[in-house]
Amino acid sequence: MNGEKFSGLAVAAAVMLLVALPLLYSATGNGLFHKPPKPELVLPVGGDGKCVEPTDFMRSNHMKLLVHARDRIVRGGELLPKYHIEGCKNCHVKRAEFCDRCHGYAGVRPDCFECHNLP
Amino acid sequence: MSEMDRRGFVKAGLAVLAGTALGNGITLFQARAEDGQDKAKTRWGLVIDANKCGEKCSECVNACRTENNVPLFGDPRYDGHWIRKATITPENVEGGKSTSLPLLCNHCEHPPCKHVCPTAATFVRHDGIVLIDKHRCIGCRYCMVACPYKARTFVFKNSEAWPNPDVPKRSKGVVEKCTFCAHRLDKGQTPACVEACTKSGEGAMIFGNLNDPQSEIHRYIKENAPHGLREDFGLKPKVLYKGV
Chain A
1235 MNGEKFSGLA VAAAVMLLVA LPLLYSATGN GLFHKPPKPE LVLPVGGDGK CVEPTDFMRS
1295 NHMKLLVHAR DRIVRGGELL PKYHIEGCKN CHVKRAEFCD RCHGYAGVRP DCFECHNLP
Chain B
468 MSEMDRRGFV KAGLAVLAGT ALGNGITLFQ ARAEDGQDKA KTRWGLVIDA NKCGEKCSEC
528 VNACRTENNV PLFGDPRYDG HWIRKATITP ENVEGGKSTS LPLLCNHCEH PPCKHVCPTA
588 ATFVRHDGIV LIDKHRCIGC RYCMVACPYK ARTFVFKNSE AWPNPDVPKR SKGVVEKCTF
648 CAHRLDKGQT PACVEACTKS GEGAMIFGNL NDPQSEIHRY IKENAPHGLR EDFGLKPKVL
708 YKGV
């Protein structure tokens, strides 16, 4: 009888511990409930401080612009489109301090940089 | 009908067929995108004078490698080739003179590589250059089989070297080939191989607009009648050779 009670308590304790573990872990600065700090971007130098479109629009849509421009340039043979991955590096000088920080934060791995050189 | 030869008759027959409507808005076949290149404003072409091409000279190959980041791993299984030198020695001829010539993509008017591409990654640009959209290429290598000039190579490995950062590399798993330096043409320059050939003093390459009657290449073709390699394939190559 006693043994059964003891085992019931032990199970309850184990369940509680299991529930508490992720919370405890996140309290240390990691884990499920922890939000990583917002990426710190080094803003571009050069240009007139303005991107080709407003910042908010670019933040969520730059990849769409690049894909459409890609088709227009590669297949259509357009020479000087407004949006162009090679044009980005006129202002965004360092990829590691701009592109990579947000991409890392969002967990996306675009394969642009396998072929296009943004230092 | 007396003036219509066999080819003309077949063409006329095809034209009638092309207009044949199978149903509402469905025709039997449509004109190919690469047709009508002889009427375009620009149609880039290259003439190579094999008599002037030095057997030991490989300036064009080196210039291409540097300009277009064509990978060289030191292992012939993986090396990329956009332009390569070949030497032809006549067999069964006593003291036959061997000929040296560069081989590259012929930018055919009817490219078989384009026709077999399942994703339409290979296409013909408005100025007649045959290009690969590497974003669309799935690396199936049908085009490498289809090309009779063996102008295409497969990218087996990502290369570390990036001699010309302004020009994109290719990531592994796509097919690459000569682009006639389309990025340089757009800037008003000539291809890297032609520039190197002129600089080295060989002067074996003449590049220009085939559709411009005033151009040097147009005049050269008129006077010297160079011909493409294996013209019997009927692919209408735009790289022509003199003295082969």
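Sequence order for the protein chains is A and B.
Heads up, the first sequence is in my numbering, so the first residue is 1235 and it goes up one at a time.
Heads up, the second sequence is in my numbering, so the first residue is 468 and it goes up one at a time.
Don't be surprised by glycine CBs; every beta carbon is placed ideally from N, CA and C.
Provide the residue(s) that pair with residue i in DSSP beta bridges, ordered along the chain.
| i | result |
| --- | --- |
| Glu1331 (chain A) | Paired residue(s): none; Glu1331 (chain A) is not in a bridge. |
| Pro569 (chain B) | B:Lys552 |
| His1337 (chain A) | None; His1337 (chain A) has no bridge partner. |
| Val591 (chain B) | B:Val597 |
| Asp516 (chain B) | B:Lys709 |
| His694 (chain B) | B:Tyr708 |
| Trp511 (chain B) | B:Asn676 |
| Phe621 (chain B) | B:Val642 |
Look up residue i in the DSSP assignment and say whether it is helix, strand or coil.
| i | result |
| --- | --- |
| Glu643 (chain B) | strand |
| Thr533 (chain B) | helix |
| Val706 (chain B) | strand |
| Ile684 (chain B) | helix |
| Ile605 (chain B) | coil |
| Asn676 (chain B) | strand |
| His582 (chain B) | helix |
| Thr665 (chain B) | helix |
| Leu1240 (chain A) | Here residue 1240 (chain A) turns out to be Phe, not Leu, going by the sequence shown. Of the three classes helix, strand and coil, the one that applies to Phe1240 (chain A) here is helix, per DSSP. |
| Asp525 (chain B) | For the record, residue 525 (chain B) in the displayed sequence is Ser; it is not Asp. Looking at Ser525 (chain B) - three-state DSSP - the assignment turns out to be coil, as it is neither helix nor strand. |
| Ser626 (chain B) | coil |
| Arg474 (chain B) | helix |
| His1350 (chain A) | coil |
| Phe540 (chain B) | coil |
| Val1308 (chain A) | helix |
| Val1245 (chain A) | helix |
Taking only the alpha-carbon atoms, compute the straight-line gap between residue i and residue j and give it to the nearest angstrom.
| i | j | result |
| --- | --- | --- |
| Tyr1317 (chain A) | Leu1299 (chain A) | 6 Å |
| Val528 (chain B) | His548 (chain B) | 8 Å |
| Leu1255 (chain A) | Lys1269 (chain A) | 17 Å |
| Val560 (chain B) | Ala663 (chain B) | 33 Å |
| Gly521 (chain B) | Glu669 (chain B) | 7 Å |
| Ala613 (chain B) | Arg603 (chain B) | 18 Å |
| Thr586 (chain B) | Leu1258 (chain A) | 52 Å |
| Tyr545 (chain B) | Val537 (chain B) | 11 Å |
| Gln497 (chain B) | His582 (chain B) | Its pLDDT being 47, under 50, Gln497 (chain B) is placed unreliably by the model, and the measurement read from it follows with that caveat. So the two alpha carbons sit approximately 14 Å from each other. |
| Val711 (chain B) | Thr566 (chain B) | 7 Å |
| Ser1260 (chain A) | His1337 (chain A) | 23 Å |
| Trp511 (chain B) | Phe590 (chain B) | 15 Å |
| Cys524 (chain B) | Ala671 (chain B) | 11 Å |
| Lys639 (chain B) | Leu570 (chain B) | 24 Å |
| Ala1244 (chain A) | Gly1341 (chain A) | 40 Å |
| Lys666 (chain B) | Val1286 (chain A) | 40 Å |
| Cys660 (chain B) | Val634 (chain B) | 15 Å |
| Asp699 (chain B) | His685 (chain B) | 22 Å |
| Glu1348 (chain A) | Ala1330 (chain A) | 14 Å |
| Phe647 (chain B) | Pro543 (chain B) | 23 Å |
| Tyr609 (chain B) | Asp600 (chain B) | 15 Å |
On the criterion of 16 or more Cβ atoms from any shown chain inside 10 Å, does residue i qualify as buried, or is it exposed?
| i | result |
| --- | --- |
| Lys705 (chain B) | buried |
| Lys1323 (chain A) | buried |
| Leu1190 (chain A) | Because chain A here runs from 1235 to 1353, residue 1190 (chain A) falls outside it and cannot be looked at. |
| Leu1275 (chain A) | exposed |
| Ser1294 (chain A) | exposed |
| Glu683 (chain B) | exposed |
| Arg473 (chain B) | exposed |
| Gly701 (chain B) | exposed |
| Thr1289 (chain A) | exposed |
| His1302 (chain A) | exposed |
| Arg637 (chain B) | buried |
| Phe1291 (chain A) | exposed |
| Gly695 (chain B) | buried |
| Asn625 (chain B) | exposed |
| Lys617 (chain B) | exposed |
| Val641 (chain B) | buried |
Residues of chain E with CB under 8 Å from residue i, in chain order?
| i | result |
| --- | --- |
| Leu1313 (chain A) | The question asks about chain E, but that chain is absent: this structure's protein chains are A and B. |
**Prompt:** How do the segment 620-631 of chain B and the segment 570-578 of chain B stand: do at least 3 beta-carbon pairs fall below 8 Å, yes or no?
**Reply:** no
**Message:** Tell me whether the segment 585-599 of chain B and the segment 505-517 of chain B touch, counting them as touching only if at least three CB pairs, one residue from each stretch, are closer than 8 Å.
**Reply:** yes
**Asked** Any contact of the segment 684-695 of chain B with the segment 512-528 of chain B, i.e. 3+ C-beta pairs under 8 Å?
**Response** yes
**Prompt:** Does the segment 1247-1258 of chain A come within contact of the segment 1306-1314 of chain A, defined as at least 3 CB pairs closer than 8 Å?
**Reply:** no
**Message:** With three or more beta-carbon pairs closer than 8 Å as the criterion, would you say the segment 675-683 of chain B touches the segment 539-553 of chain B?
**Reply:** no
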